[in-house]
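Working notes, beginning with the structure itself.
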Amino acid sequence: MHRVYLTLLLLLLVSFPSFGQSTITLKGKIIDDSTKLPLESATVYLTSAKDSTIIDYTISDKNGFFSLATKKITKPAFLKVSFMGYQDYKQEIKELTVSKDFGQIFIQEQPNQLGEVVIKGEAPPVRIKKDTLEFNAASFKIRPDANVEALLKQLPGVEITTDGKITVNGKEVNNILVNGKPFFGK
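First residue of the sequence shown? That's 1278 in this note's numbering, and the numbers climb one at a time after it.
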């Protein structure tokens, strides 16, 4: 029984060095080309040259340094660096079988001026506030010369009886507000 444990232990210990040897480290420092200052949080990634799949990635620290531990690669790959507002950096690597220090990698600013931005919003046609239903009149199509009754008939659930009473979903309406003010004099 002890022999089995000893054999398993030896196999386990022998396999550890092989795991360590299959990992390499890529290092470098990302620097702004014009100011010569380090860039924090630049994305550094390794992609396959064949199909652009990401093999591994990391980000640079506050001093611009990055360290990427990855598996050995015997096929062509790209080391890429990207940072918002800067041109992407790309370097082809034939193979990575040993650790490599890329030194200082300078990337250039890429000013990007945005065009005009217009933000449009629309109020919802119906809003429920506690025990009040609020309708946005602009959301309902009526003729320009229409009266309030024509608008009310367009609203979902609103009915006007022959004697002029207004109900919403079967409940009588006590008050109508237009732009927050009572429509009927009270």
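Glycine included, C-beta positions come from ideal geometry on N, C-alpha and C.
Contact set for L1410: own chain, Cβ-Cβ below 7 Å, skip 5 residues either direction: Scanning its chain for C-beta atoms nearer than 7 Å, with the 5 sequence neighbours on each side dropped, one finds around L1410 the residues V1403 and V1445, in chain order.
Do E1372 and T1347 have their CB atoms nearer than 8 Å? No. Outside cutoff.
Quick one: measure Cβ to Cβ for V1321 and F1343, integer angstroms, because I've assumed they're closer than 8 Å. The Cβ separation is near 5 Å, so the contact holds.
Could you say which of D1310, L1323, S1376 and I1384 lies nearest to S1299 if we only look at CA atoms? The shortest C-alpha separation from S1299 is found at S1376.
Span separating the alpha-carbon of A1319 from that of I1332: If you take the alpha carbons of A1319 and I1332, they lie about 17 Å apart.
Compare the Cα-Cα distances from D1408 to each of V1358, S1329, K1349 and N1452 and report the closest residue. Per the Cα distances, N1452.
Classify E1275 as helix, strand or coil using the three-state DSSP reduction. What the structure shows of the chain is the stretch from 1278 to 1463, and residue 1275 is not part of that stretch, so it cannot be assessed.
At a cut of 8 Å, does the stretch 1411 to 1423 reach the stretch 1386 to 1398 through at least three beta carbon pairs? Two segments are said to touch when three or more pairs of C-beta atoms, one from each, lie closer than 8 Å; by this definition the stretch 1411 to 1423 does not touch the stretch 1386 to 1398.
Out of curiosity, what's the CA-to-CA distance linking G1362 and V1425? Distance from the CA atom of G1362 to the CA atom of V1425, rounded to whole angstroms, is 54 Å.
Sorted by chain position, which residues of the same chain lie with C-beta nearer than 6 Å to V1455's C-beta, five sequence neighbours on each side aside? There are no such residues.
Contact belief for A1427 with I1419 at Cβ below 8 Å, rounded distance in angstroms: The Cβ separation is near 5 Å, so the contact holds.
8 Å contact criterion, which I1382 and F1360 should meet: CB distance rounded: Going by Cβ atoms, the distance from I1382 to F1360 rounds to 11 Å, so no, they are not a contact pair.
Take the Cβ of F1296 as the centre, count every other Cβ of all protein chains shown within 10 Å, and call the residue buried at 16 or more, exposed below. Caution is warranted here: a pLDDT of 48 is assigned to F1296, below 50, making its placement in the model unreliable, and the coordinate value is therefore given only provisionally. It is exposed - the Cβ of F1296 has fewer than 16 other Cβ atoms within 10 Å.
For Q1265, the first and last residue of its enclosing beta strand (DSSP E): No statement about residue 1265 is possible, as the shown extent of the chain runs from 1278 to 1463 and does not include it.
Buried or exposed, going by whether 16 or more other CB atoms sit within 10 Å of the CB of L1316? Of the residues assessed, L1316 falls on the buried side of the cut-off, its CB having 16 or more other CB atoms within 10 angstroms.
Limits of the beta strand (DSSP E) - the one that K1430 falls within: Counting along the chain, K1430 falls outside any beta strand (DSSP E), though it belongs to the alpha helix (DSSP H) covering V1425 to Q1431.
Cutoff 6 Å; reference Y1334; Cβ partners in own chain excluding five residues on either side: So the qualifying residues of the chain are Y1322.
With DSSP collapsed to three states, give me the class of F1296. Its pLDDT being 48, under 50, F1296 is placed unreliably by the model, and nothing is read from it.
Residue nearest to Q1364 in terms of C-alpha spacing, selected from P1433, D1378, N1389 and T1374: Checked all of P1433, D1378, N1389 and T1374; the closest Cα to Q1364 is N1389.
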